[in-house]
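In this note's numbering, the protein residues as written are 10 to 733.
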């Protein structure tokens, strides 16, 4: 694929306009700030002390500093601890920790720098002889002990917790506690004592009295890595598969990618000499009806592109590692990148490197679920399963092997892009879970048909240009949007979405939607893996719970050739609720269940795009952490009043808002009573379980924590109340 090739005079002229310096003033452009940072990332001040933070702000290039400093805005994550005025002067208000953020808007981009401020209490003093003998002074009661309810705590990365701290005696004059972490690269602690795990390691959290008594409690915090979901990707090299590969690589710290395999589909294949082609769509053989021969290439870009993308990943890898050391090495990813069955639609003639990689992973001793993603055809996966069948069926090991396969493997597919599931897999492995994770109308070519709301805004050109399309390093340079100048190898004019100007007109392509240059194009396959990300939503426990990949339900009608009901899951729609809850005249009643998360998906993706060009953890945004006191599984009786408390924190010290919603579409409760959430816009919510709820009914609440940093990142918890 050639990146951003200019293929027509019309496109060239458009690009000239796009790239022109505003006002034509080259000198002015040279003086624009490119980056701001603090010379010191951490400062300590005493209560009541003032310090000019502005003097510690570094602007690059230096020629832009004078103008930039006039336009910087300032914000404190906790005004009760640190206040900052419009001139960048901070004042310590009370003992604790807060983050001061400086922001500078340059064109459509916002530059940001953060400084972590620790405020210490002034040393306690004993009054001398009073100047007036009017009233005897109350004697100061010193702290005699600070106790923590635990001395050791283990957290996974991105989890948080708030240990209980007790100050004795109860009538101590000053019970204020100051919290510190011995290693903020491992975990940070805020002024409320909420600990947020950052990276694997050990740190000591100290809760110290501030009355001069020297009393303190220490908690040793060990941060561990979560057991990451295990997955193998298969794809057919369509442009939206290429965009999806970029997306998943930026999350490869959260999942264990054990293979990237190129396959074929009804849309893309390399061709096999002498292979006879069916005449038109033929059940069990061919879905495509476009007249392409199996002996010739169909929309085929080759296979080298995968390694070109991994080369680009290598260019940003060192920066990504600054934000999470779990990112896999480029060499490892290259070692598991294979070519599968690519001959023609549904081709599974013989084992390939790709099918062998999958077969070995299925049969190995790793007990984790193996998520096999099918972004194109399912044929390479089918070939691996066929090899297992041919080796073991008819032997005394077959029953055990069959149980191992169907209990271990989940296929998550963007629909069925060949016939290999319908005419092979469901017949031989009817109990194997197949997820049709198709959300094409929400995050693919047809997104333009969705309502104009917060999700849709993040797919439009203004957002894409600012946050993803420009200036985010080698990997994002490969990301394709509508009309951005990209020429796609192997594609005809009807699928040259990057460089065929005519396709921007709704009448000239199969989707019949008009788009603007740099609008989001498509990541139709990304919902096959979104559920693997650590969002706090619980769709990995059950597809019926919903999440970034949408909500799925098991079909009750699909059977194989023997009449056996197969383990097939299909997407369902959710009730459409517009931002703010106020409907508009043309709003749909229901919508694809992933749509409500698209703005969060895009913002999170954009933050990681920033990681690609940010070599300091403190200079980028990271998602908040969120937990629920008592856990996310609650048992209650009908009519019982419940009170739930969320604990939110942020690794960057950003201000975090908390909000609760009832996810009625995921409920099994189907009564008419309903209920109201009291305090839904706070960390503590209460409600009464409906009187007509029956034993076994479930009610789903989703609590979200949203920070105020760049891109506004969100983390969730999904609380499931089961009625006794």
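Glycine included, every Cβ here is placed at the ideal spot set by N, Cα and C.
This one's a predicted model, so the numbers in the text were calculated from it and none came from an experiment.
Anyone know if the C-beta pair for residue 222 and residue 150 falls short of 8 Å? On the chain shown, residue 222 is found 213 positions in, with the first residue counted as 1. On the chain shown, residue 150 is found 141 positions in, with the first residue counted as 1. No.
Identity of the residues DSSP links to residue 708 by a beta bridge: The residue you call residue 708 lines up with position 699 of the chain shown. Note: residue 708 sits in a beta bridge opposite 730.
State the CB to CB distance for the pair residue 314 and residue 246, rounded to an integer number of angstroms; the pair is presumed to be in contact (CB under 8 Å). Numbered from 1 along the chain shown, position 305 holds the residue referred to as residue 314. Numbered from 1 along the chain shown, position 237 holds the residue referred to as residue 246. At roughly 7 Å, the Cβ-Cβ gap stays under 8 Å, so residue 314 and residue 246 are in contact.
Please report the residue range of the beta strand (DSSP E) in which residue 250 lies. In the chain shown, residue 250 corresponds to position 241, counting from 1. No beta strand (DSSP E) holds residue 250; the alpha helix (DSSP H) holding it covers 248-258.
Any contact of the region 430-448 with the region 530-542, i.e. 3+ C-beta pairs under 8 Å? yes
Between which residues of its own chain and residue 434 is the CB-CB distance below 8 Å, once the five residues before and five after are set aside? Walking along the chain shown from the start, residue 434 turns up at place 425. The residues are 387, 390, 391, 394, 420, 441, 443.
In chain order, what are the residue ranges of uninterrupted alpha helix (DSSP H) at least 4 long that sit wholly in the region 59-92? 74-80
Considering only the beta carbon of each residue, do residue 155 and residue 103 sit closer than 8 Å? Taking the chain shown and counting its residues from 1, the one referred to as residue 155 is at position 146. Taking the chain shown and counting its residues from 1, the one referred to as residue 103 is at position 94. In this structure, residue 103 does not lie closer than 8 Å to residue 155 by Cβ.
Would you mind reading off the limits of the alpha helix (DSSP H) that contains residue 339? The sequence position of residue 339 within the chain shown is 330, counting from 1. Run containing residue 339: 339-344, per the alpha helix (DSSP H) assignment.
Considering only C-alpha positions, which residue in the set 702, 229, 318, 294 is nearest to residue 248? To locate residue 248, count along the chain shown from 1; it is residue 239. With distances taken between Cα atoms, residue 248 lies closest to 318.
Verify whether the separation of the beta carbon atoms of residue 561 and residue 568 is less than 8 Å. In the chain shown, counting from the first residue as 1, residue 561 sits at position 552. In the chain shown, counting from the first residue as 1, residue 568 sits at position 559. Contact flag unset, no.
Indicate whether the contact test is met: 3 or more Cβ pairs, each with one atom in the region 609-616 and one in the region 515-526, closer than 8 Å. no
Taking residue 304 as the reference, which of 354, 346, 293, 325 has the closest Cα? One-based indexing of the chain shown puts residue 304 at position 295. Checking every option, the nearest Cα to that of residue 304 belongs to 354.
Grab the span of the beta strand (DSSP E) containing residue 703 for me, first residue to last. Your numbering for residue 703 matches position 694 in the chain shown. No beta strand (DSSP E) contains residue 703, which DSSP labels as neither H nor E.
In terms of residue numbering, what span does the beta strand (DSSP E) encompassing residue 109 cover? Against the chain shown, residue 109 aligns to sequence position 100. First-last of the beta strand (DSSP E) with residue 109: 105-115.
At the level of alpha carbons, what is the spacing between residue 114 and residue 94? Your numbering for residue 114 matches position 105 in the chain shown. Your numbering for residue 94 matches position 85 in the chain shown. Whole-angstrom Cα-Cα distance: 18 Å.
Beta strand (DSSP E) containing residue 271: first to last residue? Locating residue 271 in the chain shown gives position 262, counting from the first residue. Here the beta strand (DSSP E) through residue 271 covers 265-271.
Beta-carbon separation (whole angstroms), residue 274 vs residue 427, contact threshold 8 Å: As a position in the chain shown, residue 274 is number 265, starting the count at 1. As a position in the chain shown, residue 427 is number 418, starting the count at 1. Confirmed, Cβ separation roughly 6 Å.
Under three-state DSSP, which class holds residue 477? Residue 477 sits at position 468 when you count from the first residue of the chain shown. Helix.
Since residue 699 and residue 677 are thought to touch, with beta carbons under 8 Å apart, how far apart are those beta carbons, to the nearest angstrom? Stepping through the chain shown from its first residue, residue 699 is reached at position 690. Stepping through the chain shown from its first residue, residue 677 is reached at position 668. Residue 699 to residue 677, Cβ: 13 Å. No contact.
Within the continuous alpha helix (DSSP H) that includes residue 295, where are the two ends? Numbered from 1 along the chain shown, position 286 holds the residue referred to as residue 295. Neither: residue 295 is in no alpha helix (DSSP H) and is coded neither H nor E.
In this structure, does DSSP put residue 408 in helix, strand or coil? For the purposes of this step, residue 408 is identified with residue 399 of the chain shown, where counting begins at 1. Residue state, collapsed to three classes: helix.
CB-CB under 8 Å to residue 514, same chain, minus the five flanking residues each way: which ones, in chain order? Here residue 514 is taken as the residue at index 505 of the chain shown, counted from 1. For residue 514, where only same-chain residues beyond five positions count, the Cβ hits under 8 Å are 523.
The region 233-240 / the region 474-486 touching (three or more Cβ pairs under 8 Å): no
Where does residue 253 land, buried or exposed, given buried means 16+ other C-beta within 10 angstroms? For the purposes of this step, residue 253 is taken as the residue at position 244 of the chain shown. Burial call: buried.
Let me check understanding here. Comparing Cα to Cα, which of 163, 84, 148 lies closest to residue 125? Looking up residue 125 in the chain shown gives position 116. Cα-wise, what sits closest to residue 125 is 84.
Minimum length 3: unbroken beta strand (DSSP E) runs contained in the region 644-685: 650-658, 665-671
Would you decide whether residue 377 is buried or exposed? Buried here means 16 or more other CB atoms lie within 10 Å of its CB. The residue you call residue 377 lines up with position 368 of the chain shown. Residue 377 comes out exposed.
Residue 25 versus residue 495: straight-line alpha-carbon distance, rounded: Counting from one through the chain shown, the residue named residue 25 turns up at place 16. Counting from one through the chain shown, the residue named residue 495 turns up at place 486. Confidence is the limiting factor: at residue 25 the pLDDT is only 34, short of 50, which leaves the residue's position unreliable and the question unanswerable from this model.
Considering residue 459, what are the terminal residues of the alpha helix (DSSP H) in which it resides? The residue given as residue 459 occupies position 450 in the chain shown. Taken as a continuous stretch (DSSP letters only), residue 459 belongs to no alpha helix (DSSP H), as it is neither H nor E.
Would you grab the beta carbon distance between residue 279 and residue 306 for me? Rounded to a whole angstrom, and I think it's under 8 Å. Taking the first residue of the chain shown as position 1, residue 279 is located at position 270. Taking the first residue of the chain shown as position 1, residue 306 is located at position 297. At roughly 6 Å, the Cβ-Cβ gap stays under 8 Å, so residue 279 and residue 306 are in contact.
If I'm right that residue 90 touches residue 105 with Cβ under 8 Å, what's the distance once you round it to whole angstroms? Along the chain shown, read from residue 1 onward, the residue named residue 90 stands at position 81. Along the chain shown, read from residue 1 onward, the residue named residue 105 stands at position 96. Residue 90 to residue 105, Cβ: 4 Å. Contact.
Can you name, in chain order, every residue of its own chain whose Cβ lies under 7 Å from the Cβ of residue 548, other than the five neighbours on each side? Working through the chain shown from its first residue, we reach residue 548 at position 539. Excluding sequence neighbours, residue 548 sits near 540, 554, 555, 556, 558.
Ignore the nearest five residues each way along the sequence and tell me which others in residue 342's own chain have a CB closer than 6 Å to its CB. If you number the chain shown from 1, residue 342 lands on position 333. For residue 342, where only same-chain residues beyond five positions count, the Cβ hits under 6 Å are 319.
Helix, strand or coil, according to DSSP, for residue 438 in the structure here? Taking the first residue of the chain shown as 1, we reach residue 438 at position 429. In the structure shown, residue 438 sits in coil (DSSP, three-state: anything other than H, G, I, E or B).
Apply the 10 Å Cβ neighbour rule to residue 308 and answer buried if 16 or more other Cβ atoms are within range, or exposed otherwise. Translated into positions along the chain shown, residue 308 becomes position 299. Its Cβ being crowded by 16 or more others within 10 Å, residue 308 is buried.
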